[in-house]
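J.: Mind having a look at this structure? Questions to follow.
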Amino acid sequence: MNTAEAKRVLETALICAQQPMPLREMRALFADEVGPDTLRSLLDELVTDWQDKGVELVALSTGWRFQSRPEMREFLDRLHPDKPPRYSRAAMETLAIIAYRQPVTRGDIEDIRGVTVSSQIVKQLEDRGWIEAIGYREAPGRPALYATTRQFLDDLSLASLDQLPALEGPPSAAMFDPGSAGQALLIPEPEAQATLALEAAPAPTPEPDLPQPELPHFPDATAADLPGATAPDVVDAPAHNAAATTPPDALATPVAMPDGDARVPALGAQPDLPAEPAPESDDSTPPAHA
4 MNTAEAKRVL ETALICAQQP MPLREMRALF ADEVGPDTLR SLLDELVTDW QDKGVELVAL
64 STGWRFQSRP EMREFLDRLH PDKPPRYSRA AMETLAIIAY RQPVTRGDIE DIRGVTVSSQ
124 IVKQLEDRGW IEAIGYREAP GRPALYATTR QFLDDLSLAS LDQLPALEGP PSAAMFDPGS
184 AGQALLIPEP EAQATLALEA APAPTPEPDL PQPELPHFPD ATAADLPGAT APDVVDAPAH
244 NAAATTPPDA LATPVAMPDG DARVPALGAQ PDLPAEPAPE SDDSTPPAHA
């Protein structure tokens with residue numbers, strides 16, 4: 004088989020393929036009559052031939068495939084009005100952390116994001132085929148280690164993780180620094196931005212200590228120092244736990260004494276009461292009837 008015919012066969016197979024085609028399937032296509040070097044040369048020629056068209060030949064992590072160019076998406080979406088599934092911000096942050104720091108556990112993701120990772124988010128990414136558990140960490144509880152899949156690279160049209168967008172700036176790179184876990188968020192929330200702004204603000208300059216004026220000292224004045232002044236009688240203040248009402252015994256009426264003095268009955272004593280007249284006896288005989 005000459006090179007031109009092999010090129011036509013390879014081009015047709017790539018266009019009709021439903022999934023990216025690896026090199027081993029290409030060699031099986033020609034029954035190993037075409038070597039790997041020749042296959043790579045044919046692939047390079049096909050890339051050049053389709054360079055000015057709306058479809059391009061790209062190399063992915065699982066093989067080669069034809070796909071539409073990004074600038075054609077605006078027109079192709081008109082044929083498919085159904086909107087693609089949208090993912091929450093938390094899911095995208097979780098996926099980005101796994102992509103840049105794999106393999107990681109859920110605990111590692113929670114330390115970076117500062118919030119708990121929902122099991123639903125992890126399951127959603129697994130069902131989409133973007134992440135998978137590749138092992139377990141030798142730690143208490145043996146947490147699962149997550150990493151991205153080849154399907155993730157294929158959906159992003161990437162051949163390897165090295166083609167991921169580089170993190171620009173020291174602050175962004177520090178977000179995925181293993182030593183900075185728990186100190187920064189992948190995408191800072193408004194509360195985190197306010198906290199960082201407060202931490203970055205310069206500390207207020209303390210006011211200088213001003214000398215305190217000395218106040219003149221006056222000796223304590225006494226009653227003897229003031230003419231005509233008398234010291235007030237000291238009255239013992241009642242105890243806080245004293246009863247608020249006067250006991251009934253203290254309200255007893257004083258008893259007049261013969262010499263004119265008044266005697267106050269002792270506490271608890273009963274006042275003298277006048278004697279009650281004795282009841283009339285029932286032994287009296289009624290008068291006889293005449």
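For the sequence shown, the residue numbers in the numbering used here are 4 to 293. Every residue gets a Cβ at the ideal spot worked out from N, C-alpha and C, and that includes glycine. None of the values given here were measured: they were computed from a predicted structure.
Please report how far the alpha carbon of I112 lies from the alpha carbon of A34, in whole angstroms.
T.: Each residue's alpha carbon lies about 47 Å from the other.
J.: Who does V107 pair with in a DSSP beta bridge?
T.: The partner list for V107 (beta bridge, DSSP) reads Y149.
J.: If you count every other CB in all the chains shown that lies within 10 Å of the CB of M29, and 16 or more means buried, which is it?
T.: By the neighbour-count rule (16 or more Cβ atoms within 10 Å), M29 is buried.
J.: Going by alpha carbons, who is nearest to E129 out of I101, P143, I115?
T.: When each option's Cα is compared against that of E129, the closest is I101.
J.: Which word fits E96, buried or exposed, when buried means at least 16 other C-beta atoms lie within 10 angstroms of its C-beta?
T.: Classification of E96: buried, given that the 10 Å Cβ count is 16 or more.
J.: Quick test of the definition: if touching needs 3 or more C-beta pairs under 8 Å, does the stretch 51-70 touch the stretch 8-27?
T.: At 8 Å Cβ cutoff, the stretches touch.
J.: Just the Cα atoms here: how many angstroms apart are D157 and R72?
T.: Computed Cα separation, rounded: 14 Å.
J.: Report yes or no: do the stretch 31-49 and the stretch 71-89 share at least 3 C-beta pairs separated by less than 8 Å?
T.: At 8 Å Cβ cutoff, the stretches do not touch.
J.: Grouping DSSP H, G and I as helix and E and B as strand, with all else coil, what is V118?
T.: Of the three classes helix, strand and coil, the one that applies to V118 here is coil, per DSSP.
J.: Assign T151 to one of two classes, buried (16 or more other C-beta atoms within 10 Å of its C-beta) or exposed (fewer than that).
T.: Flag for T151 reads buried.
J.: Using the Cβ count rule (16 or more neighbours within 10 Å means buried), how would you classify V120?
T.: Counting Cβ neighbours within 10 Å, V120 comes out buried, since at least 16 surround it.
J.: What span of residues does the alpha helix (DSSP H) with S44 cover, start to end?
T.: Per DSSP, S44 belongs to the alpha helix (DSSP H) from 39-52.
J.: Just tell me which of K126, E141, V118 has its CA closest to the CA of I134.
T.: It is K126 whose Cα lies nearest to the Cα of I134.
J.: Alpha carbon to alpha carbon, how far is E8 from T15? Give it in angstroms, no decimals.
T.: If I take the Cα positions, the gap works out to 11 Å.
J.: Here's the rule I'm using: 16 or more other beta-carbon atoms within 10 Å means buried, otherwise exposed. How should L26 be labelled?
T.: The residue is exposed, with fewer than 16 neighbouring Cβ atoms inside 10 Å.
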